[in-house]
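Numbering (the working numbering) for the sequence shown: 549 to 619.
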Amino acid sequence: MKNNVLETLKAYSLDKLCDLWDLTENMNSPEIPTVRGWLMDEIERRNPEGFDAWLEQDAPEDKDLRRYVLN
549 MKNNVLETLK AYSLDKLCDL WDLTENMNSP EIPTVRGWLM DEIERRNPEG
599 FDAWLEQDAP EDKDLRRYVL N
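Have a look at this one:
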């Protein structure tokens, strides 16, 4: 299943990945940390500079990720 999910994420646009990131922000099911990890991995693969800039903030906010990676 993991490989299928990862392949699906690779097919999504960066904007769609950010939509999924935003959508999962307040979800609390046990799978969400894993899913968000997969999203972060794919977003970082697409825009490593923007992703790193987001992480380098003093206190990176989930809502700000889109601003860093879609520029």
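Glycine is no exception: its CB is placed at the ideal position from the N, C-alpha and C atoms.
Member of 559, 573, 581 whose CA lies at the smallest distance from the CA of residue 610: Residue mapping note: residue 610 aligns to position 62 of the sequence shown, counting from 1. Of the candidates 559, 573, 581, the one whose C-alpha sits nearest the C-alpha of residue 610 is 573.
Proximity winner among 597, 600, 586, 578, relative to residue 552 (alpha-carbon distances): Position 4 of the sequence shown holds residue 552. Looking at the Cα atoms, 586 is the closest of the given residues.
Chain-order list of residues whose beta-carbon lies under 7 Å from that of residue 619 (same chain, five-residue window excluded): As a first step, residue 619 must be located in the sequence shown, where it is residue number 71. The residues are 598.
Where the alpha helix (DSSP H) containing residue 616 begins and where it ends: In the sequence shown, residue 616 corresponds to position 68, counting from 1. Where residue 616 is concerned, the enclosing alpha helix (DSSP H) stretches over 613-617.
C-alpha distance - residue 549 paired with residue 582, whole-angstrom precision: Against the sequence shown, residue 549 aligns to sequence position 1. Against the sequence shown, residue 582 aligns to sequence position 34. Approximately 13 Å, taken between the alpha carbons.
Any non-hydrogen atom of the ligand GTP within 6 Å of residue 576 CB: With respect to the ligand GTP, the structure shown offers nothing to examine, as it has no ligands at all.
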